[in-house]
Amino acid sequence: MLTYLGAIFLQQGDTTRFDLMKQAAVNPDLSKFLVIGALLFIIGVAGVLTRRNIIVIFMSIELILNAANLNFIAFSRYLSAMGNVNAVAGQIFAVFVIVVAAAEAAIGLGIVIALYRNKETIWVDEIDLLKW
Amino acid sequence: MQKYIWLVPLLPLIGAAINGLLGRKLRFSERLIGGIAVGSVALAFLISVAAVYSYGFGGHPEWPKPYLTSQDGFSFNWIPGGAVSVNHGAQYALLNIEWSYQLDPLSSIFMLIVTGVGLCIFVFATGYMHGETGFYRFFAYMGLFMFAMLVLVMGSNFLMMFVGWEGVGLCSYLLIGYYFDRQEAANASRKAFITNRVGDFGFALAIFGIIATFGSAQYVNVFEQAKSYPIELIGHWGVLSWIALGLFIGACGKSAQLPLHVWLPDAMAGPTPVSALIHAATMVTAGLYMVTRTNVIFQHSQTMLLVVALVGAATAIFAATIGITQNDIKKVLAYSTVSQLGFMFMACGVGAFAIGIFHVMTHAFFKALMFLGAGSVIHGMHHEQDMRRMGGLKKYMPYTYWTFMAGWLAICGVIPFSGFWSKDEILWNAASTTHIPLGWVVWLVGTIAATCTAFYMTRLMAMTFWGRERFLEAPAGGEADEAHASAYDKGLAPHDATFASAGDRPRHEPGEHVGPVHENVAHHVATHGHGEHHGAHIPHESPPSMWVPLAVLAVLATLGGLVGIGPAFRTLTGTEHPGGHLNIVTWLNPIIWNPVTREFNTPEGGHEAAAPIETTHAAPPVAEGAAEAGHGSVAAVYGDTGFNLAHAVEGSTHSELATEWIFIIISLVVAGIGMLLGGLFYVWRPALAGVWSQRLRPLYVASYNKYWVDEFYGLTVTRRTMDLARAVFSFDSRLVDGIVNGLAWLSRLFSRIVGGFDKYFVDGLVNTVAAFIMRLMSPLFRAAQTGFTQNYALVMVLGLMVAVAVFFARDILAVFGR
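Protein sequence lines, in the order shown, are assigned to chains A and B.
Quick note: the first sequence uses this note's numbering, first residue 9, plus one each step.
Quick note: the second sequence uses this note's numbering, first residue 6, plus one each step.
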């Protein structure tokens, strides 16, 4: 597995190792975006599952959404580099996701306020209204 | 013009449909209903006349051959039957039955009779049925009848004939039962229908036989093949004899011949125009049409010819003797019709088919005339049908009287009225026939029947139109009253007022004749209650819509016979069959099969080929058999037929013409004797009738009770059928119902057992298991429901991971396997 990751970060070939790294930094390829997206996603999921503060959970959800956005953009870039004229769809999706995230944040924070007014807490382990 | 004959049956059907379907809903007036009905029939009549004229007289290229509407495309493939085996399965034929109409000499005569006489009767009915509640229904049925009758006579195959045959049977049933609220009419309609079923059974079997033998139902094909079959003499009983037997059973039912005649007199329960149209002029002659149509088949079976002749003769004398003693004017005419139908079958049986059809035609004229005249009398007498309450109507109903007179002279056989020509020809052909043995018996019986006919018709005339005006008098005591009382019991003249107004009597417009009607009812009650004197009602002449048809028919009954002037008058007319096409024998020749040439006759061909009967007696009467065999005569075909009356007479006169005249004089003399006797008994010496009825008491009683045929059938057939029905019913209700009920009881028992098992064992088991599982499993599932969102999210994520792991299992293994 280490060999595999190494192969992603440090491509070997005819050119020098530094050249490769520089090229990768200036013009990263698709896999790097995907890896970063996956990391963001995992962080977000971990936050949703582990944090008790509902605000933080919200923020984690934003991370998940942005991981998805990153994937969209990455694929859009990749596909346009491949010559696909319809690749702009990924960017449009990202804009949609941002809009939806904004709306969700507005409603979600409203729910949080309402919840707090009723329950006087924003710790999720004290809220079990979904039971039964 | 003949290509439009498909309209002839269709027009009355359309009229009937309009009247029947819309007449009640839209409240058609009587004038409109009558106009539609009469108009449709009149149009059909005009088309018939034009078609027959252009076919027979307009130089039609195929004149003697039948014209089928399929030649001009007015037909359709009605029953695509597929392959049928013929000749006992030896061959197969493709049976396709088409719906097309056939115009040939026979069907054209019937078309003209049905539409022409029908038109007169329709016009009469508009007057007679005036004020009836079911006016639209009556004309719808009548139109439907015209359609069925025209299909019967115009169809080009046996199946169409059968359709028409059943159609007229249905309409007869409907119209006899027109006053269905009267028990008598309802019974009579059922009787007619059921009796006809017996005949239809034979007819249907004959059609099956025809299809199985010839592989076709089309007349043209069947007769073309039948021509070449060998002739079955007496003693030989082949397939054509069987077919002819079936056909004749059908004809017996429809034409009221001896074993099956019982329905026709009862059919008089229907309205009088129905009696005139269906039970005198057209439907009952369908049997004659069928026998003549299939004369090829009948002439192949000498046995069946003999049977036809003997049944006809027996029916003629049987019905004529009953007619002598009946007192109901319509009953007399009904038995007269049966008797005349017997004459027609007599003609067919002795091989003179054209003469039989000639008598159909003249009979249609004079019998329709007499029935309508009787209707007019009944109408004028305000409900009265009993001749003993009539008399002297000459003064009150002159038109009816004079037209009825023409019918009377015609049926008695007075020269030159129409009945004379046809009846005389029948008797002459019976005497001179070489088709069958026993021709002289047929002649003798026919002559006696003709005497009886003249007698009872004179009696009817005398009791109705001449003599004392008995309706003015108190009812005579004794026998008359007794008979009247029995008529009451039979429901002929019911006791109470409600029934009296529902009889076969046209209701009159309110205010016109209501008085007499009520008086009449009062009279019935009074006669039977206290026997006191009562006021009489004065008869009146019928309206023009009724006597104009009478006048038309009277002209036809007088002059109609001139189309069939017999060969005996050849010295006067110059030819044996004067009139060319207009002579009915010449006209019908192309459809009559000649057993000598084994071909159909030629229309204008020589008399030798054209008229087999006439050629026979032309041969020397001496040395029959061997000498004649070489001449190709009918006698050679049918062999020695024993004693022949005409030949015997000719042997002593040595002149053919003199022989014919001797028979004409005999028939005129017997007609005169009958009329004179009638006059003596009922005009000059009325007391004689009572004296002689006492002297011949047994005969009188037998005749008055119609020889107890109805009682006999009641005892042997009707009661036995009902016994059988009762036996079957009790078998059904005891054994079959018992089995069914027992089985039902067993299933109920079984279902209770099964139900208990289900309820206590199966349900109990299911409930126990369910309760056990619920108690065991519920804590586990309950524990999973924490209510914490994060738990659920965790499950989702885990599930997602599992899904991804499964979906990419191969790739993941490939990566880590490296």
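Quick reminder that beta carbons are idealized off the backbone N, C-alpha and C, glycines included.
To the nearest angstrom, how far is the alpha carbon of L155/B from that of Q390/B? Taking the first residue of the second sequence as position 1, residue 155/B is located at position 150. Taking the first residue of the second sequence as position 1, residue 390/B is located at position 385. Spanning the two alpha carbons is a distance of roughly 31 Å.
Span separating the alpha-carbon of L826/B from that of H364/B: The structure shown does not extend to residue 826/B, since chain B spans only 6 to 823, so no value can be given for it.
What residue range is occupied by the uninterrupted alpha helix (DSSP H) comprising E237/B? Taking the second sequence and counting its residues from 1, the one referred to as residue 237/B is at position 232. No alpha helix (DSSP H) contains E237/B, which DSSP labels as neither H nor E.
Beta-carbon separation (whole angstroms), W552/B vs S381/B, contact threshold 8 Å: To locate residue 552/B, count along the second sequence from 1; it is residue 547. To locate residue 381/B, count along the second sequence from 1; it is residue 376. About 7 Å separates the two Cβ atoms, so the contact holds.
State the DSSP-derived secondary structure class of G844/B, mapped to helix, strand or coil. Only positions 6 to 823 of chain B appear in this structure, which leaves residue 844/B out of reach.
Select from the segment 38–53 of chain A all residues with a C-beta closer than 8 Å to any C-beta belonging to chain B, and list them in chain order. V53
So, is Y712/B buried or exposed, given that buried needs 16 or more other C-beta atoms within 10 angstroms? The sequence position of residue 712/B within the second sequence is 707, counting from 1. Counting Cβ neighbours within 10 Å, Y712/B comes out exposed, since fewer than 16 surround it.
DSSP state of S1/B mapped onto helix, strand, coil: For residue 1/B there is no data in the structure shown, the boundaries of chain B being 6 and 823.
Give the single residue among V103/A, D37/A and E70/A whose Cα lies nearest to the Cα of E112/A. Residue 112/A sits at position 104 when you count from the first residue of the first sequence. Comparing Cα positions, the closest option is E70/A.
Quick one: what's got a C-beta closer than 7 Å to L238/B's C-beta in the same chain, skipping five residues either side? In the second sequence, residue 238/B corresponds to position 233, counting from 1. Once the five neighbours on either side are set aside, the close Cβ partners of L238/B are Q307, Y643 and G644.
Residues of its chain near P583/B, where Cβ-Cβ distance is below 7 Å and the 5 sequence neighbours each way are ignored: Sequence index remark: in the second sequence, residue 583/B carries index 578 (1-based). Correct list, in chain order: I570.
Which class does E67/B belong to by DSSP, given the choice of helix, strand or coil? Here residue 67/B is taken as the residue at index 62 of the second sequence, counted from 1. Reduced to three states, the DSSP call for E67/B is coil.
Assuming I362/B contacts I10/B (C-beta within less than 8 Å), just tell me the rounded distance between them. Here residue 362/B is taken as the residue at index 357 of the second sequence, counted from 1. Here residue 10/B is taken as the residue at index 5 of the second sequence, counted from 1. About 19 Å; that fails the 8 Å criterion.
Which bits of chain B does K139/A rub up against, with CB to CB less than 9 Å? Reading the first sequence from its first residue, position 131 is the one you call residue 139/A. Near K139/A (Cβ distances below 9 Å), the residues of chain B are Q790, T791, G792 and F793.
Flag this pair as yes or no: are the beta carbons of M468/B and M392/B separated by less than 9 Å? Position 463 of the second sequence, counted from the first residue, corresponds to residue 468/B. Position 387 of the second sequence, counted from the first residue, corresponds to residue 392/B. In contact: M468/B and M392/B (Cβ atoms closer than 9 Å).
Under the three-state reduction of DSSP, which class applies to W598/B: helix, strand or coil? On the second sequence, position 593 is the one that residue 598/B refers to. Looking at W598/B - three-state DSSP - the assignment turns out to be strand.
Any chain B beta carbon closer than 9 Å to T58/A: Against the first sequence, residue 58/A aligns to sequence position 50. Chain B has a Cβ within less than 9 Å of the Cβ of T58/A.
Could you work out which residues of chain A lie near L799/B, taking near to mean beta carbons separated by less than 7 Å? The residue labelled residue 799/B in the question sits at position 794 within the second sequence. In chain order: L57.
Count the other CB atoms, across all protein chains shown, that sit within 10 Å of the CB of E430/B; report buried if there are 16 or more and exposed otherwise. Position 425 of the second sequence, counted from the first residue, corresponds to residue 430/B. Buried, because 16 or more other Cβ atoms sit within 10 Å of the Cβ of E430/B.
Identify the contact partners of D133/A in chain D, using a Cβ-Cβ distance below 9 Å as the criterion. Annotation note: the requested chain D is absent from the structure, which comprises protein chains A and B.
Taking only three categories from DSSP, how would you classify W247/B? Mapped onto the second sequence, residue 247/B falls at position 242. In the structure shown, W247/B sits in a helix (DSSP, three-state: H, G or I).
Say whether the segment 413–426 of chain B touches the segment 394–405 of chain B, bearing in mind that this needs 3 or more beta-carbon pairs closer than 8 Å, one atom from each stretch. The segment 413–426 of chain B, when compared against the segment 394–405 of chain B, does not touch it at the 8 Å Cβ threshold.
N-terminal and C-terminal residue of the alpha helix (DSSP H) that P834/B is part of: Outside the shown range of chain B, which is 6 to 823, sits residue 834/B, and nothing can be said about it.
Can you check which of these residues, V53/A, Y124/A and G98/A, is closest to M806/B by C-alpha distance? As a first step, residue 806/B is located in the second sequence; it is residue number 801 there, counting from the start. The residue with the shortest Cα to Cα distance from M806/B is V53/A.
Please state if the CB of G317/B and the CB of G4/B are separated by a distance shorter than 9 Å. Outside the modelled stretch of chain B, which goes from 6 to 823, sits residue 4/B, for which no answer is possible.
In the DSSP output, which residue or residues are listed as bridge partners for P85/B? Within the second sequence, the letter at position 80 stands for residue 85/B. Within the DSSP bridge table, the entry for P85/B names N101/B as partners.
Compare the beta carbon distance of A455/B and S672/B with 9 Å and say whether it is the shorter of the two. Position 450 of the second sequence, counted from the start, is the residue given in the question as residue 455/B. Position 667 of the second sequence, counted from the start, is the residue given in the question as residue 672/B. One thing to note: A455/B has its Cβ within 9 Å of the Cβ of S672/B.
Buried or exposed: where does T646/B fall if 16 or more other Cβ atoms within 10 Å of its Cβ makes it buried? Counting from 1 along the second sequence, the entry for residue 646/B is found at position 641. By the 10 Å Cβ count, T646/B comes out buried.
Any idea if E665/B is buried or exposed, counting beta-carbon neighbours within 10 angstroms, 16 or more meaning buried? Position 660 of the second sequence, counting from 1, holds the residue named residue 665/B. Counting Cβ neighbours within 10 Å, E665/B comes out buried, since at least 16 surround it.
Show which residues of chain A have a CB atom less than 8 Å away from the CB atom of V774/B. As a first step, residue 774/B must be located in the second sequence, where it is residue number 769. Those within 8 Å of V774/B in chain A number zero; the least Cβ separation is about 26 Å.
Quick one: grab the DSSP three-state call for Q262/B. Within the second sequence, residue 262/B is the residue found at index 257, counting from 1. DSSP places Q262/B in coil when its eight states are reduced to three.
Just verifying my parser: in three-state terms, what is the DSSP assignment at D816/B? As a working mapping, residue 816/B is identified with position 811 in the second sequence. In this structure, D816/B counts as helix in the three-state DSSP scheme.
Cβ atoms of F129/B and P2/B: under 9 Å apart, would you say? This structure leaves residue 2/B out entirely; chain B is present only between 6 and 823.
Could you please give the first and the last residue of the uninterrupted alpha helix (DSSP H) stretch that includes N434/B? To locate residue 434/B, count along the second sequence from 1; it is residue 429. From DSSP, the alpha helix (DSSP H) with N434/B extends over S423 to S437.
Against V809/B, what residues of chain A qualify as contacts under a CB-to-CB distance less than 7 Å, listed in chain order? Looking up residue 809/B in the second sequence gives position 804. Those within 7 Å of V809/B in chain A number zero; the least Cβ separation is about 12 Å.
What are the residues that DSSP puts in a beta bridge with L73/B? For the purposes of this step, residue 73/B is taken as the residue at position 68 of the second sequence. BP columns for L73/B point to Q107/B.
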